[in-house]
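**Student:** There's a structure below that I have some questions on.
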Amino acid sequence: MNDHMTAAPVFDRTTQDVGNIVELGHVNIRVPDQRLATLFYVSGLGLTRDPYLVVGVENMWINVGTCQFHLPTGKPQVLNGTTGLVVPDLAALVHRLKHVRPQLHGTAFAFTEAGDHVDTVCPWGNRIRCHAPDPRFGRITLGMPYVEIDAPVGSAPAIARFYREMLGSPAHVEDRAVRVPVGRGEALVFREINRAIPEYDGHHVQIALADFSGPHERLRSRGLISEESNESQYRFTDIVDLDNGAPLVKIEHEVRSMRHPMFARVLVNRNAGIRNNDYATGHEAWAWTMPPGT
Numbered sequence: 279m280n281d282h283m284t285a286a287p288v289f290d291r292t293t294q295d296v297g298n299i300v301e302l303g304h305v306n307i308r309v310p311d312q313r314l315a316t317l318f319y320v321s322g323l324g325l326t327r328d329p330y331l332v333v334g335v336e337n338m339w340i341n342v343g344t345c346q347f348h349l350p351t352g353k354p355q356v357l358n359g360t361t362g363l364v365v366p367d368l369a370a371l372v373h374r375l376k377h378v379r380p381q382l383h384g385t386a387f388a389f390t391e392a393g394d395h396v397d398t399v400c401p402w403g404n405r406i407r408c409h410a411p412d413p414r415f416g417r418i419t420l421g422m423p424y425v426e427i428d429a430p431v432g433s434a435p436a437i438a439r440f441y442r443e444m445l446g447s448p449a450h451v452e453d454r455a456v457r458v459p460v461g462r463g464e465a466l467v468f469r470e471i472n473r474a475i476p477e478y479d480g481h482h483v484q485i486a487l488a489d490f491s492g493p494h495e496r497l498r499s500r501g502l503i504s505e506e507s508n509e510s511q512y513r514f515t516d517i518v519d520l521d522n523g524a525p526l527v528k529i530e531h532e533v534r535s536m537r538h539p540m541f542a543r544v545l546v547n548r549n550a551g552i553r554n555n556d557y558a559t560g561h562e563a564w565a566w567t568m569p570p571g572t
């Protein structure tokens, strides 16, 4: 035996584990005015309207990296929490938001620069926190790394248990918040807040599961399935205390399987820094991950 042989590297293999929730697909919020939604999400935030699907005036799908906002026309809905985004350039974001501010006057639209992020509010009150690319969000330069949902004080341990036992996700509690890992780098975060939470208005998030049937059976056995959509999709709304069935948080989950036709669909993302007055051939698209070597 050669005493000088290099020892085999030791890796923490758990860092590569992916929980059962393998995709954060979209956040769905109704909006009453598609024009104002375009001004905020496309012109202001610099995101991209899906050019292929749902292109009428009754709904709008907005691409952000591998995720989407779905914005059907209707009575406005407000997520009880905050959607987190990573955008390529915060200074450029602020410039765009200032540009659309006069056209959004009289709505709930607002934005605040806060050092390493920019807090924005859509015309109907949805809170969206925008971050610059940062290692804590992985290698993305454009995306939706988390959806943070308001939760009652004291509910975090029971919420974490619900996701672990019902959905097979390695949820954990830290600093009065539950982090539920999604896919390779996203998360649902339930944060305890010491104030009243508005009545749930029907907004939803879409996720995909690797083990699709197991959670369905566990949810069904407790009477928690709210919609049997089709063979590759179902929905549930209530997150409950598994000891006594008491409701903890309401937010509808549109649950898809990995065999759903739109699972891991490739989305078009534009370079919001390219305009007609400073156009450069070949730079219209934006790569949502960092290039090699960075």
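Residue numbers 279 to 572, in our numbering, belong to the letters of the sequence shown in order. Ideal Cβ positions, reconstructed from N, Cα and C, are used throughout, including at glycine.
1) Would you identify the three-state DSSP class for Asp556, choosing helix, strand or coil?
2) Which parts of the region 483-559 are runs of the beta strand (DSSP E), unbroken and 3 residues or longer, counting only runs that do not cross its ends?
3) Can you tell me whether DSSP reads Ser571 as helix, strand or coil?
4) In the DSSP assignment, what residue or residues form a beta bridge with Val399?
5) Helix or strand or just coil, what does DSSP make of Arg313?
6) Look up His348 in the DSSP assignment and say whether it is helix, strand or coil.
7) Per the contact definition of three or more C-beta pairs closer than 8 Å, is the region 392-399 in contact with the region 431-447?
8) Which same chain residues end up closer than 8 Å to Met568 when comparing Cβ atoms and leaving out the 5 residues on each side of it in sequence?
9) If we ignore side chains and look at the alpha-carbon of each, how far apart do His531 and Thr344 end up?
10) Going by Cα to Cα distance, which pick from Tyr330, Gly303, Val365 and Phe468 is closest to Phe415?
11) If you run the structure through DSSP and keep just helix, strand and coil, what is Glu426?
12) According to DSSP, which residues form a beta bridge with Leu302?
13) Is the beta carbon of Ile299 sitting closer than 8 Å to the one on Leu445?
**Tutor:** Let me spell this out:
1) For the purposes of this step, residue 556 is taken as the residue at position 278 of the sequence shown. The three-state reading of DSSP puts Asp556 in helix, counting H, G and I together.
2) Here the runs fully enclosed are 503-508, 511-518 and 525-535.
3) Locating residue 571 in the sequence shown gives position 293, where the first residue counts as 1. A small correction: the amino acid at residue 571 is Gly; Ser does not occupy that position in the sequence shown. Three-state DSSP puts Gly571 in coil, outside helix and strand.
4) On the sequence shown, position 121 is the one that residue 399 refers to. Looking at the DSSP output, Val399 sits in a beta bridge with Ala388 and Arg405.
5) Here residue 313 is taken as the residue at index 35 of the sequence shown, counted from 1. DSSP places Arg313 in helix when its eight states are reduced to three.
6) Position 70 of the sequence shown, counted from the start, is the residue given in the question as residue 348. In the structure shown, His348 adopts extended strand secondary structure according to DSSP, grouped into three states.
7) Flag = no, the region 431-447 and the region 392-399 do not touch.
8) As a position in the sequence shown, residue 568 is number 290, starting the count at 1. If we look at Met568 and ignore the five residues flanking it on each side, its Cβ neighbours are Pro411, Arg417, Ile418 and Thr419.
9) On the sequence shown, residue 531 is found 253 positions in, with the first residue counted as 1. On the sequence shown, residue 344 is found 66 positions in, with the first residue counted as 1. If I take the Cα positions, the gap works out to 18 Å.
10) In the sequence shown, counting from the first residue as 1, residue 415 sits at position 137. It is Val365 whose Cα lies nearest to the Cα of Phe415.
11) Against the sequence shown, residue 426 aligns to sequence position 148. Three-state result, Glu426: strand.
12) Counted from its first residue, the sequence shown places residue 302 at position 24. Ile485, per the DSSP bridge assignment.
13) Position 21 of the sequence shown, counted from the start, is the residue given in the question as residue 299. Position 167 of the sequence shown, counted from the start, is the residue given in the question as residue 445. One thing to note: Ile299 has its Cβ within 8 Å of the Cβ of Leu445.
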